[in-house]
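Report on the following structure.
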Amino acid sequence: MASSKKKGLKSSGPKDSNLDTNDEDKTELCPGFRDVDAFVKHGFGAVLSATKASAGLPQAGDEYDFYRSFPGFQEFCESQGDKLLHCMSQIMQHHGCRSHMRDRNKLTGLEERFDLVVDSNDVILERVGILLDEADGVNRSQQPVMPAGFQPPKVVVSSWNRKGSSPSSRSETFRLLHAKNITRPQLKFKEKVDNSNTPFIPKIFIKPNAVKPLPSYFTNKQMRKERPEDLDVPAALADFIHQQRTQEHVDDMFAHPYQYELDHLTIPENLLSKPEPQMHKPVAETKLSFVDTLEDLVALNEKLCKLSEFAVDLEHHSYRSFLGLTCLMQISTREEDFIIDTLELRSEMYILNEAFTDPSIVKVFHGADSDIEWLQRDFGLYVVNLFDTHQASRALNLARHSLDHLLKHFCNVDSDKRYQLADWRVRPLPDEMVQYARTDTHYLLYIYDCVRVQLLDFNHGQPGLLQSVWNKSSSISLKKYVKPIYTEESYLELQRKQKKSFNTQQLTAFRLLFAWRDKLARQEDESTGYVLPTHMMIKISEELPREPQGIIACCNPVPPLVRQYNNELHLLVQQAREMPLLKAEIAAQKKKGLTPIKKPEVPLFGPHDTSRVSESDPPQISGMLFSEDEDVDVQKESGLVASAKITLFEVEIKDDQESSSAAQMKARRIIESFENPFRMYLPSTDVHVNKNAKFDPSSKIFEISKRWKLQSVEQQQTELEAKKKAKQEAKEMAKKQTGNRVNLL
């Protein structure tokens with residue numbers, strides 16, 4: 001095939017050059033081919049002709065052996081084979097592979113050549129993949145082109161993103177930006193974080209752009225600077241007083257403040273028509289403003305209110321806070337980028353509600369599901385007229401729906417995700433983190449234009465698909481933040497997710513540890529994963545350590561609060577160990593707490609079937625013939641003979657055979673035909689077993705075998721006599737019955 005293709009390429013050059021005499025001035029891809037399409041078309045034709053020619057060759061077997069017997073055919077095959085091997089060797093040399101195809105041993109030459117072909121194909125296909133990636137814009141061999149003025153980061157912030165290095169060079173040392181010396185920003189908040197076990201109440205007290213007024217509960221709440229229940233009152237009593245005072249406002253407290261506005265939102269016609277994408281400005285030429293004062297925030301709000309659209313994104317931290325913290329907000333317009341320090345302006349962020357709830361301004365997010373909830377929880381901010389590019393990506397059925405893919409697909413920008421899991425509480429922010437945060441929104445408005453164009457083109461110019469994206473984005477705006485509430489059954493949901501099976505003691509320990517973790521996390525304002533990770537809690541619940549050191553041994557690395565409250569955890573584990581176990585759990589202790597599955601009782605149960613015997617049942621004596629127990633009463637045991645659960649014929653046959661009818665006698669004979677085949681080997685109830693025979697195997701075997709033989713002979717004789725007697729009685733009964741019938745007639 002390769003030789004045919006090569007010959008075809010050589011022969012086609014002059015033909016194409018003669019045909020295209022008028023196009024000599026045009027640049028050619030290679031001699032004889034104007035462009036790639038012509039080259040590929042000719043290559044496919046050459047491969048197809050070679051495949052057809054190979055199909056016409058004699059098949060392996062008798063047909064090939066017959067043609068092989070002719071010297072001319074043999075010489076032709078050898079010459080063509082040498083040409084093919086020479087052509088393949090040249091191709092391998094061109095790609096840097098081993099190419100000694102002809103100098104091979106005749107015995108192992110075929111296998112070695114096949115291995116060479118396989119290795120060469122791997123190398124060539126890998127190079128083809130690299131070239132296709134480069135043609136598609138993905139260059140894996142070189143560093144991505146950075147904007148002017150951008151300095152490559154020198155600090156690697158997470159262990160999962162190790163910088164690529166050659167095997168000869170040492171790996172770069174990197175540190176995490178999750179520093180231990182960061183001051184907890186919660187200490188500077190003017191409004192204390194509410195980690196109480198009560199439902200979340202919206203923070204809003206002013207409703208800009210309102211069509212329906214804000215309920216009186218929220219407007220009066222701001223007038224009271226300090227609630228009486230917030231004074232020196234126990235938390236439980238404060239919650240009770242608060243619930244009693246707000247009982248009449250329950251419906252208003254938990255409703256979405258902008259429910260009415262979002263339900264009656266109409267998208268203007270200009271947003272449903274095809275736009276002209278406005279190219280984003282280069283990052284180096286775009287002004288960046290860092291907002292950390294109230295004056296700058298007010299000025300920013302005034303700028304946003306004059307625009308028709310702007311892009312928003314948030315950076316969040318959840319490891320060192322129970323509910324989580326919104327650490328940064330990025331806003332980008334067509335001309336300028338803004339980064340807001342939300343930790344510093346947490347209490348004043350509600351000012352942006354004027355722009356965020358304006359229905360004439362489009363707010364562009366990407367994946368706004370969590371952002372909407374975080375804005376409500378931390379700032380009391382709500383969004384009206386939202387467009388989510390993530391929903392647009394799903395509607396377009398793109399390969400991936402992440403912001404990284406959209407940046408690469410529409411803007412040919414490679415985003416640096418090394419700071420995605422960084423600690424955004426760090427102040428001041430390093431330049432690398434500022435650039436990362438800025439990139440998330442700088443290109444988002446251009447992507448917003450591009451996806452709207454593709455949504456209309458995808459639906460043949462009809463706005464139906466674009467309207468569905470607007471509707472889904474509006475439904476995301478209606479999401480309400482739900483505070484995590486602890487209940488007595490909360491631990492069961494986590495246990496089901498982990499798919500763990502606990503016994504009574506282990507489940508009690510898991511419940512107590514879960515409650516302790518939740519209480520301490522709310523008290524210290526730490527995440528449950530920081531207090532006690534779930535996998536460590538499961539390990540402690542399974543092992544149930546007897547000593548405090550055992551709890552430490554179950555944790556690696558040991559969380560700081562676990563080491564601090566180790567004695568308290570030990571008391572909880574001891575309390576769980578005092579719980580009584582069930583009978584089945586006692587028998588299953590050796591299985592590391594996995595309780596046995598209780599099998600249903602089935603009436604079809606055989607006496608020798610041990611598959612359904614419970615582990616908690618006492619062992620049964622299987623036989624009495626060679627029993628080591630001298631105290632066993634042979635009269636009370638039936639040996640291996642067990643009563644059947646279901647008989648073949650449910651016929652009650654009385655001992656008085658004279659009163660038995662013919663049918664009953666026939667049933668008796670049928671039942672007697674189903675005899676135990678091992679009956680002759682079983683001892684009767686009155687067998688005398690010599691006690692001294694236990695210690696003399698020869699005498700015991702002799703005595704038992706002798707008694708069995710005598711018993712079997714006597715038993716057979718008695719059975720024969722009983723059968724004869726039964727037949728005679730049956731005949732007499734039949735005669736009597738026939739005589740009675742005749743008399744009756």
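So the sequence shown is numbered by full-length UniProt numbering: it starts at 1 and just counts up by one.
Positions of the beta carbon are idealized from the N, C-alpha and C atoms, including for glycine.
- Gln278 and Gln90 have their C-alpha atoms roughly 51 Å apart.
- In this structure, Tyr350 and Ile206 form a Cβ contact; the two beta carbons are roughly 7 Å apart against a cut-off of 8 Å.
- With respect to Leu288, Asp358 sits apart: the two C-beta atoms are not nearer than 8 Å.
- When only Cα atoms are considered, Gly32 and Leu48 end up about 20 Å apart.
- Three or more Cβ pairs closer than 8 Å define a contact, and the stretch 416 to 428 falls short of that threshold against the stretch 381 to 399.
- Membership of Val362 in any alpha helix (DSSP H) is not indicated; the residue belongs instead to the beta strand (DSSP E) covering 362 to 365.
- Taking a contact to require three or more Cβ pairs closer than 8 Å, the stretch 504 to 518 and the stretch 427 to 444 do not qualify as touching.
- In this structure, Ala521 is the residue among Tyr448, Asn556, Ala521 with its C-alpha nearest to the C-alpha of Pro484.
- His95 carries a coil assignment under DSSP once its states are collapsed to helix, strand and coil.
- Around the Cβ of Pro213, a 10 Å sphere holds fewer than 16 other Cβ atoms; the residue is exposed.
- When only Cα atoms are considered, His405 and Ser318 end up about 25 Å apart.
- If you draw a straight line from the Cα of Val451 to the Cα of His366, it is about 12 Å long.
- When DSSP states are grouped into helix, strand and coil, Gln330 belongs to the strand group.
- For Ala210, the three-state secondary structure derived from DSSP is coil.
- Collapsing the DSSP output to three states places His570 in a helix.
- Tyr448 sits away from Thr487, with the two beta carbons spaced by 8 Å or more.
- For Leu288, DSSP records a beta bridge to Asp337.
- Inter-residue distance for Trp374 and Gln575 is about 39 Å (C-alpha atoms, whole angstroms).
- With three or more CB-CB distances shorter than 8 Å, the stretch 304 to 311 counts as touching the stretch 323 to 335.
- A direct Cα-to-Cα measurement between Leu456 and Lys500 gives close to 49 Å.
- With distances taken between CA atoms, Leu571 lies nearest to Leu512 out of Lys519, Pro559, Glu526, Leu512.
- The three-state reading of DSSP puts Val383 in coil, since its state is none of H, G, I, E or B.
- For Glu302, the enclosing alpha helix (DSSP H) begins and ends at 294 to 305.
- Remark: C-beta atoms of His264 and Tyr443 do not approach each other more closely than 8 Å.
- His535: member of the alpha helix (DSSP H) spanning 534 to 543, first to last residue.
- Just measuring C-alpha positions, the residue of Ser661, Ile671, Asn740 sitting nearest Ala730 is Ser661.
- Taking the CA atoms as reference points, Ile552 sits about 20 Å from Ser527.
- By the CB criterion at 8 Å, Cys97 and Asp119 fall inside the cutoff.
- Taking a C-beta distance under 8 Å as the contact criterion, Arg346 and Asp296 do not qualify as a contact pair.
- The DSSP-derived three-state label of Ala311 is strand.
- Residue burial is scored here from C-beta neighbours: Ile670 has fewer than 16 other C-beta atoms within 10 angstroms and is therefore classed as exposed.
- Across the structure, Gln59 and Cys87 are spaced so that their CA atoms are roughly 24 Å apart.
- With distances taken between CA atoms, Ser360 lies nearest to Leu386 out of Leu386, Asp369, Glu489, Asp341.
- Counting only the Cα atoms, Arg400 lies some 57 Å from Tyr67.
- For Glu261, the number of other beta carbons within 10 angstroms of its own is at least 16, and it is reported as buried.
- In the structure shown, Leu57 adopts coil according to DSSP, grouped into three states.
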